[in-house]
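In this text, residue positions in the sequence shown follow numbering that gives the first Met the number 0: the first is 0, and each later residue adds one. Here the structure is laid out as structure tokens; the discussion comes afterwards.
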Amino acid sequence: MASQRQLWTQGRRFNIVEISSRGGQELCRGYSSTVSQAQKLKNRAQEERLRQIRDRIIRVDHAGEYGANRIYAGQMAVLGKTKSGPLIQHMWDQEKVHLDIFNKLIPKYRARPTAFLPIWDIAGFALGAGTALLGEKAAMACTVAVEASIVEHYNNQIRELMASTDNLEDNKEILDYIQKCRDEEQEHHDTGLEQEAEKTPGYNLLYNAIKTGCKTAIWLSERV
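Quick look at the structure:
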């Protein structure tokens, strides 16, 4: 019968069923190997994408916290002995913790610090001292504008990190740190408003100018 046909090959008898079975197994192995290679390539691409996202985020956040420290240093140089001194010092102490966090994340994730740090060093101190010289309310207006920019920036990063992988554990450490910093920056923003920052002469002009400067610094620090 047809189902019992046999083939002779090099002196050995094979059943057609046996040949078909072996052929199917070879096809399955080949297909599995192709799928496995494709998955490996996909995983590598995903890992590289995550690495680039983390590198950019850690670099710009390190730069931001460095700049914030310099702003508060400038404010304390002018207002340290006034009634606003203890409040500014409290916010500065929190910023020091934030900077320590990103100082540790830089080597851990092999992130590259921005080349603009020397500029943010001078610019941050000048902004802090300059607004403080305009008065305590102006210093608080500076805080409100800077922190509004940073909170918005951190919220964007949180959304990006959560969308970058199906497994949130991949980014849990960085997410936790960003959320902590974001919440404390929001407190600084609200504190500035409570200290009547909006009563600063030319508040809207000052606020918008500082926010524009912050957004420019963020854009540059992400890329260089």
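The beta carbon of each residue, even a glycine, is placed where N, CA and C say it ideally should be. In this text the structure is predicted, and so the values were computed from the model without any measurement.
Sequence-distant partners of T199 (beyond 5 residues in either direction) whose C-beta falls short of 8 Å from its own C-beta, in its chain, are L133, G134, K136, A137, M139, A140 and L205. For E184, the CB contacts under 6 Å within the same chain, skipping 5 residues up- and downstream, are E146, I149 and V150 in chain order. D175 and G66 have their alpha carbons spaced roughly 21 Å apart. Taking a C-beta distance under 8 Å as the contact criterion, Q74 and A125 do not qualify as a contact pair. No residue range can be given for L133, since it is assigned to no alpha helix (DSSP H) and is classified by DSSP as neither H nor E. Per DSSP, N170 is not a residue of any alpha helix (DSSP H), being assigned neither H nor E.
Separation of G79 and L219 (C-alpha to C-alpha, rounded to the nearest whole angstrom) is 31 Å. The beta carbons of A114 and V223 sit closer together than 8 Å. The alpha-carbon of A144 is positioned some 10 Å away from that of H187. The C-beta distance from A216 to W119 rounds to 7 Å, short enough to fall under 8 Å. Annotation: the continuous alpha helix (DSSP H) that includes E94 extends over G84 to K107. Counting the other Cβ atoms within 10 Å of the Cβ of L167 gives fewer than 16, which makes it exposed. Taking 8 Å as the upper bound for CB-CB distance, L160 and I173 are in contact here, some 6 Å apart. Pairing R58 with E221 gives a Cβ-Cβ distance under 8 Å. Setting aside the 5 residues that flank it on each side, L104 is surrounded in the same chain by I57, each with a C-beta closer than 6 Å to its C-beta; the list follows chain order. The C-beta distance from H61 to P112 rounds to 6 Å, short enough to fall under 8 Å. Taking 8 Å as the cut-off, the beta carbon of N155 is found no closer than this to the beta carbon of T164.
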